[in-house]
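Chains as they are written, first to last, in numbering that gives the first Met the number 0: chain A, 0 to 430; chain B, 0 to 430. The structure appears right after this line, and notes come after that.
There are 2 protein chains.
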Amino acid sequence: MVECYIEDIGQYVGQEVKLKGWVYNLRSSGKIRFIVFRDGTGTIQVVMVKSELPEEVFEQHKELTQESSIIVTGIVSEHPRQKGTYELQLTDLEIVQICEDYPITKKEHTTGFLMGHRHLWLRSSRQYKIMRIRNEILMAFRQYFYENGFILIDTPLLTGSIGETAATLFETQYFDLGKAYLAQTGQLYLEAACMAHGKVYCLGPTFRAEKSKTRRHLTEFWMLEAEVAYLEHEGNLDLQEDMVCCVVSRVLENCTDQLEELGRDLAPLRNVQKPFYRIDYNEAVEKLQAAGSNIEWGHDLGGEDETILTNMYDRPVFVSNYPREAKAFYMKRNPDDPRTVLCADLLAPEGYGEIIGGSQREDNYDYLVEEIKRNDLPLDVYGWYLDLRKYGSVPHSGFGLGIERTVGWICGLPHVRETIPFARMLYKLYP
Amino acid sequence: MVECYIEDIGQYVGQEVKLKGWVYNLRSSGKIRFIVFRDGTGTIQVVMVKSELPEEVFEQHKELTQESSIIVTGIVSEHPRQKGTYELQLTDLEIVQICEDYPITKKEHTTGFLMGHRHLWLRSSRQYKIMRIRNEILMAFRQYFYENGFILIDTPLLTGSIGETAATLFETQYFDLGKAYLAQTGQLYLEAACMAHGKVYCLGPTFRAEKSKTRRHLTEFWMLEAEVAYLEHEGNLDLQEDMVCCVVSRVLENCTDQLEELGRDLAPLRNVQKPFYRIDYNEAVEKLQAAGSNIEWGHDLGGEDETILTNMYDRPVFVSNYPREAKAFYMKRNPDDPRTVLCADLLAPEGYGEIIGGSQREDNYDYLVEEIKRNDLPLDVYGWYLDLRKYGSVPHSGFGLGIERTVGWICGLPHVRETIPFARMLYKLYP
């Protein structure tokens, strides 16, 4: 007899197979009893017919509970009306463990309770689908870069240098060498590597010890970063646009069912096509002020500003050339307006807001030293980074995309906490 | 005129193209001067013929230095005798930056010096090739799992629970919640996730605050981990064997040139075929003692033992069923010999030693509690982990593979420090 997974069961219609998994749900209607059975790759309805089973097998149904682990054997049949839907006519049932008092029941639970039981909540249908879409999104990003000749450079997490700002760092003692900081970004290392490989990327965890409690913040989140030598500001936007379009279209193709089951409206995602809107920071501020925001020139856009702004557009929008004070020290000054820098944030539509921050990098040694000092960062630990402006400096650009925000946007979720298997937030370190 | 990368230059034979990059090397022979030019995607010889260039362009060659950034324009030609090798007959040259006193020259440098200049050393030919092979290896692993229906579960790096042992943890203050520990493994989280998705994996950085100074140890290294519900010990070995064979064969196919240029003997890699050798710990100890090792039953194999042992085999070898005292608390006791556990290490040939550690996991609640206590680990933080043995516990197995050790083995390198872009070791936190 074949042992198989539910995802492959279509190959075995009419045959007897063995499946190993868990009880997802139970129903009974007199002489027929049902198990909604899951094995990790899918769910299937298992049918137990009293007249066709030994009594002791049929009666086992009464013992079963939600999440009991069981092994079922039966004949595969296709649903007479729903093509692609299969059932299993049970012939034998083996109980591995009866699950008692499973904490997550059909009643309403608070999010706090569910997050506290994240190790079990992952089994629930909605969380299950989100993780599968996340899996597809991450593979789509990686293949995009692999196929376009980018080299993966895994940047270090324990660092002596500070990525962007000293204010939000987790630190740890590093043997006799003093403090190490958990990376906020891999960018500085990618800049070094792009001088070796031309086009590089990384995709790993990053950390911000921010005391923010918003629907967009995690203390540990995954970031995709790319860096390209000899790439300038406009080309950087073209790259991001192409990447986002490719990834969204692949996810739409491979995860249609899961997105629909999550209730995601697919129309706005289908609309993610080139060209994206490209506006200037000045224009963004004017539009926001006209819409009632009290933003003033010189400040970064807040989460609410981004929501207002993206609701004005039916596709992602780049906002370019922010004031220097609002952005990180390494961004290249804008030759046309030295108060601003050659950067852009990409804001996702439907109110989602920033998913990418990018810029051309300052490639002039003297300007860069000036900015490090102006930001009160310790010049000595940036020695190696400054070397990149001494030894064959070239114009270069890159960006960072927040994976959880992107998963949240594509899945249509209100909060990033459901977009990552085990979220870390201000008050959340377990499980 | 076309702007292109060297990797695509074969499409432009006879045409004029523009390339942006750096001087790798310079040569002069009277009326012809050469630039070995690199752009990150490859290198090409640029030929400057005095009689065919304006004098001021020809004379620019004298200004050039190693690693100066330049933009070259010229006509592409194929080497008359070496098919697939191209040259550029220069028509114009633009200097972006002259590089002065580049620290890495052709003379011998100490490894300490080179590691201290890792941000520049990455540009050297050997390091360049290693990173490209690493890129291929990592994509091969990811595609293996993606194509075999495994779901990527990014496990947290900041954790309240301790992975394997409290002795080698980096810790950081986590707001008001006390200490967080940097993950030694994602396994415990994968065990939770495999009860939701059946087959899961993660591939991310892990940390060990070990004071080891060996050629096999980093404090921060990347680990591939996989976990499968309802998989038992022997099936776990089958999975690892299949994965390693697929990855090695793909790398051999896609990176032949780079491996050969590194001087890697390809014969032992071509020999990585099923079936791998499978021996018992007891047998390993007997063989080692016969070969002169002073290992005693009850201890883990040391690095040297692994070297001796793997030199006895021409393919990877699994060593199964180690004594319980030598291994982590979560491994399932061996029903045939309760002094040992259902685990295996996979040792790479040619003296490389352990690249994978795996086991069937203890699925019995009471036994697991006993082991947590016996290892002096704090029972309370494992509450969620123990839940997995209460709510539908099933047999399950998994393993962890060290990426840097695997890259070292495949590339044939003596030390792991060259296998990762920016190594972190006992005395190494910069650059």
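For every residue, glycine included, the Cβ atom is placed at its ideal position computed from N, Cα and C.
No Cβ of chain B is located within less than 8 Å of the beta carbon of W408(A). The beta-carbon of S124(B) is placed no less than 8 Å from the nearest beta-carbon of chain A. Measuring C-alpha to C-alpha distances from Y321(B) to each of P79(B), H232(B) and Q126(B) identifies H232(B) as the nearest. Per DSSP, the beta bridge partners of D344(A) are V318(A) and G356(A). Under a 10 Å Cβ-count criterion, I94(B) is classified as exposed, with fewer than 16 other Cβ atoms of the shown protein chains found around its own Cβ.
In the displayed model, P204(B) falls within a strand according to three-state DSSP. When DSSP states are grouped into helix, strand and coil, F275(A) belongs to the coil group. The DSSP-derived three-state label of A290(A) is coil.
Residues of chain A whose Cβ lies closer than 9 Å to the Cβ of G159(B) are, in chain order, L428, Y429 and P430.
Using a 10 angstroms sphere on the CB of R388(A), the tally of other CB atoms reaches 16 or more, which defines it as buried. Going by C-alpha positions, L18(B) is about 37 Å away from E146(B).
Only exposed fits P274(B), as fewer than 16 other CB atoms lie within 10 angstroms of its CB.
Within a 10 Å sphere around the beta-carbon of W120(B) sit 16 or more other beta-carbons, which makes this residue buried. A distance of 8 Å or more separates the beta carbons of T84(B) and G73(B).
In the same chain as L265(A), and ignoring 5 residues on each side of it, the C-beta atoms closer than 8 Å to its own belong to L251, T255, L258 and E259, in chain order. Ranked by Cα distance from E353(B), the first of K331(B), D335(B), L400(B) and R314(B) is L400(B). At a C-beta separation below 8 Å, T171(A) has these neighbours in chain B: F169, E170, T171 and L181. In the same chain as S123(A), and ignoring 5 residues on each side of it, the C-beta atoms closer than 7 Å to its own belong to I103, in chain order. Membership of H395(B) in the beta strand (DSSP E) is indicated by the continuous run H395 to G401. According to DSSP, M424(B) shares a beta bridge with K427(B). A direct Cα-to-Cα measurement between N310(B) and G350(B) gives close to 5 Å. At least one C-beta of chain B is nearer than 8 Å to the C-beta of E219(A).
If you draw a straight line from the Cα of N235(A) to the Cα of R338(A), it is about 21 Å long. For C245(B), the nearest beta carbon of chain A is not closer than 8 Å to its own beta carbon. Around the C-beta of L238(A), 16 or more other C-beta atoms lie within 10 Å, and the residue is accordingly described as buried. Rounded to the nearest angstrom, the Cβ distance from P204(B) to L156(A) is 5 Å, consistent with a contact under 8 Å. Under the three-state reduction of DSSP, Q257(A) is assigned to helix. In the assembly as shown, T109(A) is an exposed residue. Its beta-carbon has fewer than 16 other beta-carbons within 10 Å. The beta-carbon of L176(A) is placed less than 8 Å from the nearest beta-carbon of chain B. Contact check for Y229(B) and H395(B): beta-carbon distance about 7 Å, within the 8 Å limit, so the pair qualifies. The C-beta distance from A343(A) to P315(A) rounds to 11 Å, too long to fall under 8 Å, and the pair is not in contact.
For K128(A), the closest C-alpha among the options S292(A), E361(A), E285(A) and E417(A) is that of E417(A). Between the stretch 194-214 of chain B and the stretch 409-424 of chain B there are three or more C-beta pairs closer than 8 Å, enough to call the two in contact. If only uninterrupted alpha helix (DSSP H) runs of at least 4 residues are considered, those enclosed by the stretch 186-237 of chain B are 186-196. By the neighbour-count criterion, in which a residue is buried when 16 or more other Cβ atoms sit within 10 angstroms of its Cβ, Q288(A) is exposed. For I70(B), the uninterrupted beta strand (DSSP E) segment begins and ends at S68 to E77.
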